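Trainee: Under the numbering used here, the first residue of the sequence shown is numbered 1, with each subsequent residue one higher.
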Amino acid sequence: MTKRALITGVTGQDGAYLAKFLLDKGYTVYGFVARRSSDTRWRLRELGIENDIIYLDGDLADACSVQRAVITSKPDELYNLGAQSFVGSSWDQPVTTGIVDGIAVTHLLEALRQFSPHTRFYQASTSEMFGLIQAAHQDENTPFYPRSPYGVAKVYGHWITINYRESFAMHASSGILFNHESPLRGIEFVTRKVTDAVARIKLGKQQKLHLGNIDAKRDWGFAGDYVEAMWLMLQQEQADDYVIATGVTTTVRDMCKLAFEHVGLHHEDHVVVDPKFFRPAEVDILLGNPAKAQRVLNWQPKTSLKELITMMVDADLRRVTKE
Ligand code: NAP
Ligand code: GDD
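1) To the nearest angstrom, report how far apart Val-320 and Ala-199 are at their CA atoms.
2) Nearest CA to the CA of Gln-206: which residue from Ala-69, Asp-101, Val-271?
3) If you measure between the beta carbons of Val-248 and Ile-214, is that distance less than 9 angstroms?
4) Tell me whether Phe-277 sits in a helix, a strand or coil according to DSSP, three-state version.
5) Between which two residues does the beta strand (DSSP E) containing Thr-321 stretch?
6) Is Ala-34 closer than 9 angstroms to Gly-58 when the C-beta atoms are compared?
7) State whether the stretch 63-79 contacts the stretch 17-36, with contact taken as three or more CB pairs (one from each stretch) at a distance under 8 angstroms.
8) So, Leu-286 versus Arg-218, is the Cβ gap smaller than 9 angstroms?
9) Give the straight-line distance between the Cα atoms of Lys-193 and Leu-317, rounded to the nearest whole angstrom.
10) Note down, one range per segment and in chain order, each beta strand (DSSP E) of at least 3 residues found wholly within the stretch 17-71.
11) Does DSSP classify His-118 as helix, strand or coil?
12) From this set, Phe-178, Ala-259, Glu-237, which residue's C-alpha is nearest Val-283's C-alpha?
13) So what does DSSP say about Ser-89, is it helix, strand or coil?
14) Are the CB atoms of Thr-11 and Thr-40 within a distance shorter than 9 angstroms?
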C-alpha cells in the first residue's frame, strides 16, 4: 500500500527536498500550506514536483486547520517542518515565533493523539537550542541554553514532543539538525546571502557584501542529505531523538572565502562588516556530534562545505544570469 505523508512547511527549503525524496519513494504527499498573498511554490517548481503534492490550506497557529489536515490526509508519517525559521526575525516577532515554533507543535501532537494515534511524527528541532554551548561537541545529552526567541520556542517544541512520546506512547521523534543549506535556501540566511552576492559581484551587478558577525562558526551540511535522516528516524521501531550534523565547524569568514574563491575573487575586497546585522545575542559556535545517527540510523553526510558552497554559487550564477 502507498504510504501517506503530511508535511508542514512543504514550501520551505527542507519541505521541498523532503517532498521530492518521499515522492521518489512512492509516497502520497500532502502539503500543509499557509495562504500567502504572493507565490511561495518556487522551490517545488525548481524540483519539478509542484503538481505532485496534495495541498491542504491552514496555519500552524490555527488548531482547527491542523486537525482538519490530519483527518483529511490520515498520514502514516507527519513531518513538522513549518516554522518562523529565521533567528534574526525572532526578536522582531517573539510572540508569533513562540506560537508557531513552540505551542503549535502541541496542536499537531493533540490532533494526532485524538484522530490518528498511529501516525509517526517528526519534529524539526534545531542546534539553536544549544545556543551558548555547554559542551565542545553537542550531542543528544548536551544541555540546552537557547539565545534567541526562536531557540526558546524550539526548546518547547522539542520537549513537548518527548512528553507526548512518554505520556501517550506515540511514535514521536525529534531531529536536532545543525545548519543545512542548499540552492533552495532562503536569501536571508548567511550562506545564500553570500552565494547570491558572489554571483552578482562576479557578474558586475553589485560591489559590496554587508555582513554581521563573520567570526561566528557553524556546522554546515547539505539539506538534501539531511532530509534522508528525517525519514530514517521515522522508519525505526522506537521513536527517539538524534543530532544530525557534519562534525566540522567553519567561520562565516571562511565560508565567504570559499564562495569568492570559487569565482576567482577575494572576499577581503568585497565584504563589509556592518553592525546592522549583529544580533542582540549571538550563538558564537556550533559543532555537532552525529555519532548516534551514524550508529543507529546508518546515516552520514555526503556533501562537504566546499561542494555545497560551489553548488550554491553555481546555482546563483545561473539565476542572476537569467534575470
Ligand atoms: P524555511 O525554508 O524557512 O521553511 C519554513 C516553512 O514553514 C515554509 O514553508 C513556511 O511557509 C512555513 N510556515 C511558516 N509559518 C507557518 C505557519 N504559521 N503555518 C504553516 N506554515 C508556516 O525553513 P527550513 O530551512 O526549510 O527549515 C525547516 C524546519 O527545520 C523549520 O522548522 C526550521 O526551524 C527547522 N530547522 C532548520 C534548520 C536549517 O538549517 N535549515 C536547522 C535546524 C532546524 P511560507 O514560505 O509560506 O512562509
Ligand atoms: N543571516 C545572516 N545575515 N547571518 C549573518 C550575517 C548576515 O548578514 N552576518 C553574519 N551572520 C551570522 C549570524 O549572526 C549567525 O551567527 C550565522 O551567520 C548564521 O546565521 P543564519 O544563516 O541566519 O543561520 P542561524 O544559524 O542563525 O539559523 C539557522 O540555523 C539554525 C540551526 O542552527 C536557521 O536555519 C535556523 O532555522 C536553524 O534552526
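Beta carbons: idealized from backbone N, C-alpha and C, even for Gly. Small disclaimer: the values here were computed from a predicted structure and weren't measured.
Mentor: So, from the listed chains and residues:
1) 7 angstroms
2) Val-271
3) no
4) helix
5) Per DSSP, Thr-321 belongs to no beta strand (DSSP E); it is in the alpha helix (DSSP H), 305-322.
6) yes
7) yes
8) yes
9) 13 angstroms
10) 28-33, 54-57
11) coil
12) Phe-178
13) helix
14) yes
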